[in-house]
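Q: So that we are looking at the same thing, I have put the structure below in structure tokens.
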Ligand SMILES: [Zn+2]
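Numbering (the working numbering), first residue to last: 292 to 604.
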């Protein structure tokens, strides 16, 4: 088991009730909320402190006798306010919300979320000239994956998505409104000691692919927007996608220059005394992995190997 004084950051995106989760076309992007409930209660019972990133940062600087976990959520959709934060409040556990400010600012098309809603509602869809019969959950999952692959290849997700909406009689703005978190929802959480806010860029780009000026604008833009809206310092940042190809040494330095105190990645690993606060490891616990052993694997520090083994259980 992990040594005393070490910490672990868990990352996820969306959450849905068990029954809804089972039928989601993109359920790998969600946590089953009953699973999340069990996981939080379990770690609370077994001697882990659940802490904010402020607290985690202090512990990695100074060392601390107790082991700890930070839960963070990236992007922020409507279910963040309606499902996730209420759960953490009920259990008395803090959560860090990394907000992509283009979502509440309505400048970002939520094409995956909208595609998912269309696939859930329809029994047949057409992309280019191909027809997909989608009556079963498995067919809906396969269709979602196939269409995302096509849009990835086409390279312009927003345009492909809008064409898809028109073809199936949907209003893309109305679908966005169903899924996006709003500023009033975020403002309603700003005084909650269990909710810690961080930045996750303005438009959710691959930061490493941007030139220096664009990357700086994404980092400082989301920070300034959140500070103005929430009336508090925004000290934490998480890189979209978060893998080594999405954020590198230049970008860690830009995060520091933008005034953040930490920058988080999605590289698996643990927090230890002396961990670089500008490349914090986080362990993704999105939806595919509903069994508690998967989360335990992160806590034992064996993420990569245990992941492979436990997925077969
Ligand atoms: Zn993200």
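Glycine included, C-beta positions come from ideal geometry on N, C-alpha and C.
Select from 476, 354, 570 the residue whose C-alpha is nearest the C-alpha of residue 539.
A: 570
Q: Measure from the alpha carbon of residue 500 to the alpha carbon of each residue in 434, 536, 475, then state which is nearest.
A: 536
Q: Does the contact criterion of 3 or more C-beta pairs under 8 Å hold for the stretch 468-476 versus the stretch 393-402?
A: yes
Q: Decide yes or no for the touch test of the stretch 483-503 against the stretch 355-369: beta carbon pairs closer than 8 Å, at least 3 of them.
A: yes
Q: Thinking C-alpha only, which one of 510, 559, 524 is nearest residue 534?
A: 559
Q: Under three-state DSSP, which class holds residue 326?
A: helix
Q: Kindly confirm or deny that the stretch 518-532 and the stretch 307-319 touch, where touching means at least three C-beta pairs closer than 8 Å.
A: no
Q: Got a sec: does ligand 1 put a non-hydrogen atom nearer than 7 Å to the Cβ of residue 366?
A: Under cutoff, so the answer is yes.
Q: Starting from residue 618, follow its DSSP beta bridges and name the residues at the other end.
A: There is no way to answer for residue 618, as the model of the chain reaches only from 292 to 604.
Q: Specify the secondary structure class of residue 448 as computed by DSSP and reduced to three states.
A: helix
Q: Can you name, in chain order, every residue of its own chain whose Cβ lies under 8 Å from the Cβ of residue 507, other than the five neighbours on each side?
A: 545, 548, 549
Q: Take residue 306 as the anchor and find which of 323, 450, 300 has the nearest alpha-carbon.
A: The option with the nearest alpha carbon to residue 306 is 323.
Q: How long is the line joining the alpha carbons of residue 486 and residue 335, rounded to whole angstroms?
A: For the pair residue 486 and residue 335, the Cα-to-Cα distance works out to about 18 Å.
Q: So for residue 308, helix, strand or coil by DSSP?
A: coil
Q: Under 8 Å by Cβ, that's how I've got residue 467 and residue 512 pegged, so tell me the actual separation to the nearest angstrom.
A: Their Cβ separation, rounded to whole angstroms, is 20 Å, which puts residue 467 and residue 512 out of contact at 8 Å.
Q: Whole angstroms are fine: how far does the CA of residue 434 sit from the CA of residue 515?
A: 39 Å
Q: Confirm the yes/no value for this check: CB of residue 556, any heavy atom of ligand 1, distance under 7 Å.
A: no
Q: Give a single yes or no on whether residue 391 has its beta carbon closer than 7 Å to a heavy atom of ligand 1.
A: yes
Q: Could you have a look at residue 438 and say whether DSSP puts it in helix, strand or coil?
A: helix
Q: Looking at the strands, I want to know which residues DSSP matches up with residue 300.
A: 361
Q: Is the CB-CB distance between residue 520 and residue 478 below 8 Å?
A: yes
Q: Any heavy atom of ligand 1 inside 7 Å of the beta-carbon of residue 497?
A: No, the beta carbon of residue 497 sits no closer than 7 Å to any heavy atom of ligand 1.
Q: Below 8 Å on the Cβ atoms is my guess for residue 312 versus residue 578; work out the distance and round it to an integer in Å.
A: 7 Å
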